[in-house]
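Engineer: Here it is, the structure, as structure tokens.
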Amino acid sequence: MENLGFRILKRNAKVGPEVIKRFENVVTPHVSDNMNRMFSGGSDLKPFYKSGKLLGAALTVKTRPGDNLMVHKAIDIAEPGDVLVIDAGGDTTNAIVGEIMLELSKKKEIKGFVINGAIRDSAAFLNGDFPVYAKGVTHRGPYKDGPGEINVPLSIDGMVINPGDLILGDEDGVVSIPQELTEDVLKLVKTQEKKELETFQAIENDLVDRSWVDAALKNKGCEWR
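The numbering of the sequence shown is this note's numbering, which starts it at 7 and goes up by one.
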């Protein structure tokens, strides 16, 4: 019988390094737009680091609020290039990670944290380039009792993350891309990038057609003189 609430499952597949590399210059707004703005981590997940991009394969952790026992285990079993995505229920009463776990993760070549919860030792994160997204900061430390589960599906503010999915984060937030759909999303993103470059060039040359604004207002019954 499975011990629900204390499970460490096997991650059967994850997005590969060659796919991850192709997203190095991709921005989160383009991914979000081409996933119909339905797969973001929400505005509560804020970056707590100096600069850079979060990019890697999801190693998921679900834990009770304020407890990081399974997060420690996830660090121990993580592979280089993984991103720890931690659902701690969105509670910010107790921190889930701090500076010691940051240093452990860097040594393991983990690429970053996404935490539906809080961090502490925030200066160590804010002054460095190790990407971490969290809901808040508190000096109150975590408990280490469990329960918790590793490599289970998560949902953070409507963003569904399965083990092995592609995690992308920048200054605008975090998105999760299903590993089986990365090529489809990337193709759409490249089309949008090309279209935006053409728009910027049109702006530079004063060739932008802005008639759609008045047409939209007229369609809404907005009259002006």
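Cβ coordinates follow ideal geometry from the N, Cα and C atoms, glycine included. Here the structure is a predicted model, which means the values were calculated and not measured.
For the segment 101–115 and the segment 124–131, state whether three or more C-beta atom pairs, one from each stretch, are separated by less than 8 Å.
Structural biologist: Taking 8 Å as the limit for Cβ pairs, the verdict is that the segment 124–131 does touch the segment 101–115.
Engineer: Locate the alpha helix (DSSP H) running through ASN40, then write down its first and last residues.
Structural biologist: Here residue 40 refers to the residue found at position 34 when the sequence shown is read from its first residue. Note, ASN40: premise wrong, no alpha helix (DSSP H); not H, not E.
Engineer: Is the Cβ-Cβ distance between GLY72 and ASN40 less than 7 Å?
Structural biologist: In the sequence shown, residue 72 corresponds to position 66, counting from 1. In the sequence shown, residue 40 corresponds to position 34, counting from 1. No. Outside cutoff.
Engineer: Tell me where the beta strand (DSSP E) around ARG28 begins and ends.
Structural biologist: If you number the sequence shown from 1, residue 28 lands on position 22. It is not in any beta strand (DSSP E) - ARG28 instead sits in the alpha helix (DSSP H) that spans 23–28.
Engineer: Anyone know if the C-beta pair for ILE173 and GLY47 falls short of 7 Å?
Structural biologist: Here residue 173 is taken as the residue at index 167 of the sequence shown, counted from 1. Here residue 47 is taken as the residue at index 41 of the sequence shown, counted from 1. No, they are not a contact pair.
Engineer: State the DSSP-derived secondary structure class of ALA140, mapped to helix, strand or coil.
Structural biologist: For this step, residue 140 is matched to residue 134 along the sequence shown. It is a strand residue.
Engineer: If you follow the beta strand (DSSP E) that LEU65 is in, where does it begin and where does it stop?
Structural biologist: Here residue 65 corresponds to residue number 59 of the sequence shown, with the count starting at 1. Counting along the chain, the beta strand (DSSP E) containing LEU65 begins and ends at 60–69.
Engineer: I'd like the span of the beta strand (DSSP E) that includes VAL180, first residue to last.
Structural biologist: Residue numbering aside, residue 180 sits at position 174 when the sequence shown is read from its first letter. Element bounds for VAL180: 179–183.
Engineer: Would you call the segment 109–120 and the segment 74–90 touching, i.e. three or more CB-CB distances under 8 Å?
Structural biologist: With a cut-off of 8 Å, the segment 74–90 and the segment 109–120 count as touching, because enough Cβ pairs lie within range.
Engineer: Quick test of your reading: ALA64 and PRO159, contact by CB under 8 Å. State the CB separation rounded to the nearest angstrom.
Structural biologist: The count along the sequence shown starts at 1 and reaches residue 64 at position 58. The count along the sequence shown starts at 1 and reaches residue 159 at position 153. With 8 Å as the limit, ALA64 and PRO159 do not qualify as a contact, their Cβ atoms being about 10 Å apart.
Engineer: Counting C-beta neighbours from all protein chains within 10 Å, is the total for GLU155 16 or more, i.e. buried, or is it exposed?
Structural biologist: Here residue 155 corresponds to residue number 149 of the sequence shown, with the count starting at 1. By the 10 Å Cβ count, GLU155 comes out buried.
Engineer: Who are the Cβ neighbours of VAL191 in its own chain at under 7 Å, not counting the five residues just before and after it?
Structural biologist: In the sequence shown, the residue the question calls residue 191 occupies position 185. So the list reads VAL37, ASN40, MET41, ILE183, once near-sequence residues are dropped.
Engineer: Please classify ALA101: does DSSP put it in a helix, a strand, or coil?
Structural biologist: What you label residue 101 is simply residue 95 of the sequence shown in a count that begins at 1. The answer is strand: DSSP assigns ALA101 an E or B state.
Engineer: Cα separation between GLU189 and THR205?
Structural biologist: Along the sequence shown, one-based indexing puts residue 189 at 183. Along the sequence shown, one-based indexing puts residue 205 at 199. Cα to Cα, the separation comes out at about 25 Å.
Engineer: Pull up the distance between the alpha-carbon of PHE12 and that of GLY152, whole angstroms please.
Structural biologist: One-based indexing of the sequence shown puts residue 12 at position 6. One-based indexing of the sequence shown puts residue 152 at position 146. Computed Cα separation, rounded: 7 Å.
Engineer: When the Cα of GLU115 is compared with those of GLY123, GLY62, MET165, ASN157, which residue comes out closest?
Structural biologist: For the purposes of this step, residue 115 is identified with residue 109 of the sequence shown, where counting begins at 1. Ranking the options by Cα distance to GLU115, first place goes to GLY62.
Engineer: For LYS16, name the three-state secondary structure that DSSP assigns.
Structural biologist: The residue you call residue 16 lines up with position 10 of the sequence shown. If DSSP states are grouped into helix, strand and coil, LYS16 belongs with coil.
Engineer: Between ASP97, VAL67, TYR55, which has its C-alpha nearest ALA84's C-alpha?
Structural biologist: To locate residue 84, count along the sequence shown from 1; it is residue 78. Measuring from the Cα of ALA84, the nearest candidate turns out to be VAL67.
Engineer: Taking PRO35 as the reference, give the member of ARG28, MET44, VAL21 with the closest Cα.
Structural biologist: In the sequence shown, counting from the first residue as 1, residue 35 sits at position 29. Comparing Cα positions, the closest option is MET44.
Engineer: Do you know offhand how far SER57's Cα is from PRO137's?
Structural biologist: The residue given as residue 57 occupies position 51 in the sequence shown. The residue given as residue 137 occupies position 131 in the sequence shown. Taking the straight line from one Cα to the other gives about 8 Å.
Engineer: Return the Cβ separation of PRO23 and TYR139 in integer angstroms, given the expectation that the two are a contact with Cβ distance under 8 Å.
Structural biologist: Stepping through the sequence shown from its first residue, residue 23 is reached at position 17. Stepping through the sequence shown from its first residue, residue 139 is reached at position 133. Not a contact, Cβ separation roughly 22 Å.
Engineer: So which of ASN211, ASN9, GLY142 has the shortest CA-CA distance to TYR55?
Structural biologist: Taking the sequence shown and counting its residues from 1, one reaches residue 55 at position 49. Nearest C-alpha to TYR55: GLY142.
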